[in-house]
Amino acid sequence: MKGTGMKDVWEVWTGAAKERTRGRARPARGERGERGPSGLSLLPWLLMGLGALSHLLGGEAPNPWLGGLGLLAFNTLYIAIVFRAFDRRRRESPATWGLLLALGALTFALAIGYGREWLLLFPLLGLAVGAVVRGKERLRFIVFPLVAAVGVVTFWRDGWDSFGVVYGTFISVMVTAAILALDETVRELRETREELARSAVEKERLRFSRDLHDLLGHTLSVIVVKSELVRRLAPRDLDAALGQVADIESVGRQALTEIREAVTGYREGSLATELDRARDALSTAGIEPVVRRSGPLLEPATEALLSWVVRESATNAIRHSGAAHCEITLSGTAERVRLTVTDDGRGPTEPGGTGSGLRGLRERLAAAGGTLDSGPAPRGGFRVTAELPVETSVQHRGEPTG
């Protein structure tokens, strides 16, 4: 046990900080060399246009200069479109859609004018369409009219032998759109997973800082109060002073255990134990404690939350209130339980009486469906009231215990 408590705390704290820093400084997916498909992956398919180029060079095509310019324009438009298709902002821009329409019109013009090998430009048009149009709804309104128009042109120019071109165009559109949409979804899921991991680290870091505040704030306050008592008792009652020293040692050992539990995230406070500790700490500080408990038997999670409220409220009373009396009352019904801590002191010195401990408790109780209110008591002093839902209807009644 010696020395290991703060070591665990330091390892978890620095580990959370490293994860947080690593999450913020993590390079983009492309920067890590895990690039997905890009415009380069669609460029090799331009080899399908070699048939049209061969037709031009063979001297069989009418108006070869016009055909050559048309093929050059086709390649230029195709390259521009596929590179824009992998940038979401540019893909959705009107300019990209204008280029796609121009590519479609040019493809149909070349296919109608030259036929034969030029019909293989249609599958290339399908690749460009699939890269830009990835939504299922938009594909439905584009792919079938496109394939029907391709079928009309190819059957007119090449008869039934061109069925493969029609089928290839349909497959080019659908497969390209499906693969690129799947890749985009996977990347978004990966980014979401990384964001959730960063959020989990932040949440754990917040939980850890709250637990440390609540644990160490109370423990150090008790140690300070008992140390002052030892200083007063030592000159006149050494045995009583040694008894207080033993209590300080016990409190320190218990704090180490609680810090380890907070580090691992499994701390569930016992409300009865916390009430006893509060009573002892208040008595040591010269504040008369009165503890009353009644109501339903509570679930461990509910007891743990209320234990934090007792600890924080008792700590505030010892450190800030200057009170002479402090009353802790636990009561409730089968539906809700209420914990009230009231002292007759001056209350917290912060404006509004809401330090970081009470703010953190308020957030914890709100997450569990409860509430926490704090402020001046009707008859003077300061009051903290916490309410939580009760998960069980098993009743446990008790009498005042202090």
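For reference, each letter of the sequence shown is one residue, going 1 to 402 in full-length UniProt numbering. The beta-carbon is built from N, C-alpha and C at its ideal position, and this holds for glycine as well. Bear in mind the structure is a predicted one, so any value in this text is a computation, not a measurement.
Check: To the nearest angstrom, how far is it from the Cα of Arg299 to the Cα of Ser227?; Outcome: What sits at residue 299 in the sequence shown is Glu, not Arg. About 36 Å.
Check: Considering only DSSP beta bridges, list what Gly126 is partnered with.; Outcome: Answer is none; Gly126 lacks a bridge partner.
Check: Report the residue from Val390, Ser38, Gly360, Ser374 whose alpha carbon sits nearest the alpha carbon of Lys203.; Outcome: Gly360
Check: Out of Ile287, Arg336, Ala334, Leu306, which one is the CA nearest neighbour of Arg319?; Outcome: Ile287
Check: Excluding five sequence neighbours on each side, which residues of the same chain lie with their C-beta closer than 6 Å to the C-beta of residue 413?; Outcome: Here the chain has residues from 1 to 402 only, and residue 413 is not among them.
Check: Excluding sequence positions up to five away, which residues of its chain have a Cβ less than 7 Å from the Cβ of Arg346?; Outcome: Ser321, Gly322
Check: In angstroms, rounded to a whole number, what distance separates the CA positions of Arg138 and Arg91?; Outcome: 14 Å
Check: Is it true that the CB of Ser172 sits closer than 8 Å to the CB of Leu127?; Outcome: yes
Check: If contact is defined by three or more beta carbon pairs under 8 Å, each pair taking one atom from either stretch, is the stretch 184-200 in contact with the stretch 151-170?; Outcome: no
Check: Go ahead and label Asp239 buried or exposed: buried means 16 or more other beta carbons lie within 10 angstroms of its beta carbon, across all protein chains shown.; Outcome: exposed
Check: Considering only their Cβ atoms, is the gap separating Gly39 from Val82 smaller than 8 Å?; Outcome: yes
Check: Would you identify the three-state DSSP class for Pro62, choosing helix, strand or coil?; Outcome: coil
Check: Identify the continuous alpha helix (DSSP H) that holds Ala111 and give its terminal residues.; Outcome: 94-114
Check: Can the beta-carbon of Leu305 be found closer than 8 Å to that of Leu206?; Outcome: no
Check: With DSSP as the reference, please indicate the residues paired to Gly322 in a beta bridge.; Outcome: Beta-bridge pairing links Gly322 to no other residue.
Check: Give me the residue from Trp118, Ala314, Leu103 with the minimum Cα distance to Ala52.; Outcome: Trp118
Check: Roughly how many angstroms separate the alpha carbons of Thr273 and Leu372, rounded to a whole number?; Outcome: 21 Å
Check: For Val225, which residues of its own chain have a beta-carbon under 8 Å away from its beta-carbon, when the five flanking residues on both sides are left out?; Outcome: Ala281, Thr284, Ala285, Ile318
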